[in-house]
Every structure is written in structure tokens, then in C-alpha cells.
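Student: Shown below is the structure under consideration.
In my numbering, the protein residues as written are 2 to 125.
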């Protein structure tokens, strides 16, 4: 079991092409921890904005009668992947891991695999 800071460090070091990572509470839109980012990528703003994405998708699934859980949401840009992984289990309800990847330097399948592993080890 590892804490938030260690999990974010693990995401930034073990996921090739990582630009920034955050743990976000989507009930409030607040980032509980961030690492990376910078002038071009304000992770606290991204956390709040991606909260709206998760809420909208959850409402849409409810209206469609889809009873499954969201595993992750992928947003692709010209030069980046934005990956949102909703946490399950031990205190993870209402939280998501968010990572921004440089598209040219990352492997999306491996990033998803690594985020799942990091989620399993995270202790909230």
C-alpha cells in the first residue's frame, strides 16, 4: 500500500511520456495531489474540468440505462493523451487518477496497464 505522493511519483516515472499526474476528488473537483504539469498544463484547472467530464458521462450512462462502471476515459489531442482512471475499492469512490502523456513518447496500452497497477497499490 502506498500513499498519494508515492503513487503520483510512480505514475510519472513508470509511465513513459508522462507530462503530469493528479489524484482528483470528482465530488468537489479538487486535486488531492499533483505532480508535473507546469506553465502549459495547470493540473488544478485540468482536475476541475475533468470532473465535469466524469459527471457528464455518468449522467449519460444513467439516462441510457447502462449499469456498468466507467474504467477510464481517454481524450486524445494532436500531441497528447489525457487519461482518466476512476478508482474502485478501498476508499477510492469519488476519486480518479488523471495523467497527461506526450503522444509521441508514450504507449497508451502500457499507460492504462500501469495506472491499473498504481490504483491497486494506492491507499487513500
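No residue lacks a Cβ here, since even glycine has one placed at the ideal position from N, Cα and C.
All values reported here derive from a predicted model rather than from experimental measurement.
Using the beta-carbon count (16 or more within 10 Å), is residue 114 buried or exposed?
Tutor: Position 113 of the chain shown, counted from the start, is the residue given in the question as residue 114. By the 10 Å Cβ count, residue 114 comes out exposed.
Student: Under 6 Å Cβ to Cβ from residue 103, same chain only, skipping five residues before and after it: list those, please.
Tutor: Indexing the chain shown from 1 puts residue 103 at position 102. Taken in chain order, the residues that qualify are 18, 20.
Student: Name the residue from 4, 15, 7, 11 whose alpha carbon lies nearest to the alpha carbon of residue 156.
Tutor: The requested residue 156 is not part of the displayed model; the chain covers only 2 to 125.
Student: For residue 50 and residue 99, I'd like the C-alpha separation in whole angstroms.
Tutor: Within the chain shown, the letter at position 49 stands for residue 50. Within the chain shown, the letter at position 98 stands for residue 99. Residue 50 and residue 99: Cα-Cα distance of roughly 11 Å.
Student: Within the chosen definition, does the segment 19–36 reach the segment 51–66 through at least 3 CB pairs nearer than 8 Å?
Tutor: yes
Student: Would you tell me roughly how many angstroms separate the C-alpha atoms of residue 43 and residue 57, rounded to the nearest one?
Tutor: Reading the chain shown from its first residue, position 42 is the one you call residue 43. Reading the chain shown from its first residue, position 56 is the one you call residue 57. Near 22 Å, if we compare the C-alpha coordinates of residue 57 and residue 43.
Student: Using beta-carbon positions only, say whether residue 64 and residue 36 come within less than 8 Å of one another.
Tutor: On the chain shown, residue 64 is found 63 positions in, with the first residue counted as 1. On the chain shown, residue 36 is found 35 positions in, with the first residue counted as 1. Their beta carbons are not under 8 Å apart, which means residue 64 does not touch residue 36 by this criterion.
Student: Can residue 74 and residue 34 be called in contact, C-beta distance under 8 Å?
Tutor: Along the chain shown, read from residue 1 onward, the residue named residue 74 stands at position 73. Along the chain shown, read from residue 1 onward, the residue named residue 34 stands at position 33. The answer is no: Cβ separation not under 8 Å.
Student: Out of 79, 96, 77, 68, point me to the one whose CA is closest to residue 48's CA.
Tutor: Position 47 of the chain shown, counted from the start, is the residue given in the question as residue 48. It is 96 whose Cα lies nearest to the Cα of residue 48.
Student: In three-state terms, what does DSSP make of residue 77?
Tutor: Numbered from 1 along the chain shown, position 76 holds the residue referred to as residue 77. It is a strand residue.
Student: Could you tell me the alpha carbon to alpha carbon distance between residue 8 and residue 66, rounded to whole angstroms?
Tutor: Your numbering for residue 8 matches position 7 in the chain shown. Your numbering for residue 66 matches position 65 in the chain shown. Approximately 34 Å, taken between the alpha carbons.
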